[in-house]
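Please read the structure below before turning to the comments.
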Amino acid sequence: MSFAHLLPPSWKTQVTEWLQEDTPSFDYGGFVVGEVERTAYLLGKGKQTAVLAGVPFVDEIFKQLDCRVEWHMKEGDTFDPVKRVATVTGKARFLLLGERVALNLLARCSGIATKSRRFRDIARANGYKGIIAGTRKTTPGFRLVEKYGMIVGGIDAHRHDLSSMIMLKDNHIW
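Just so it is clear: in the sequence shown, position 58 is 60 by my numbering, and no numbers are missing.
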């Protein structure tokens, strides 16, 4: 199942900003490895089975760097540590420019999807039939990734922002 259609129209701009934040004015390592075509393998790392989430972000990161990504599993699937999740092909310096941004986003999104799936499964195993919703307490700048991970993990993302629903709490009363 693909979840990319749930992303807002502006999400690709955010990917560009992430790359610009991490891309230096001159990358000495990229200069050394040059423009030779290479293939890299994205391996699932960790200590336990995880849920793959964040595929559209990784696809867009490498698309903007003129690289190609081939996924060996679908988003929302579970994978074991050290499993080959994807193959990325492109110029060596561009693979390296996208590597850290892609891995950090994939790890964050997959981690949230994994925890969300576990919470959902525990609730269902105990007979809960209601909606399990995430929080609006997200990391500044990462709300899109974190909410996306919740959805892939199988829970409701709830309020995306303050405009999504009226909510008054005790701190609103003066």
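Cβ coordinates follow ideal geometry from the N, Cα and C atoms, glycine included.
Have a look at the DSSP bridge pairing and note the partners of E72.
Per DSSP, T89.
Do the stretch 49-60 and the stretch 72-85 meet, that is, are 3 or more Cβ pairs less than 8 Å apart?
With the cut-off at 8 Å, the stretch 49-60 and the stretch 72-85 touch.
Select from L67, F5 and F96 the residue whose C-alpha is nearest the C-alpha of V34.
Residue F96 is the option with its Cα nearest to V34.
Could you name the residues of the same chain whose beta carbon sits closer than 7 Å to that of D61, not counting the 5 residues immediately before and after it, in chain order?
The residues are V71.
Enumerate in chain order the residues of its own chain whose CB-to-CB distance from G31 is below 7 Å, with the five nearest sequence positions on each side excluded.
Here the set comprises L98.
Spell out a yes or no on whether the stretch 127-140 and the stretch 35-45 are touching, meaning 3 or more CB-CB pairs, one atom from each, closer than 8 Å.
These segments do not touch.
Quick one: measure Cβ to Cβ for Q66 and T18, integer angstroms, because I've assumed they're closer than 8 Å.
Indeed they touch by this definition, with Cβ atoms about 6 Å apart.
Just the C-alpha distance for K139 and L44, rounded to the nearest angstrom, thanks.
If I take the Cα positions, the gap works out to 30 Å.
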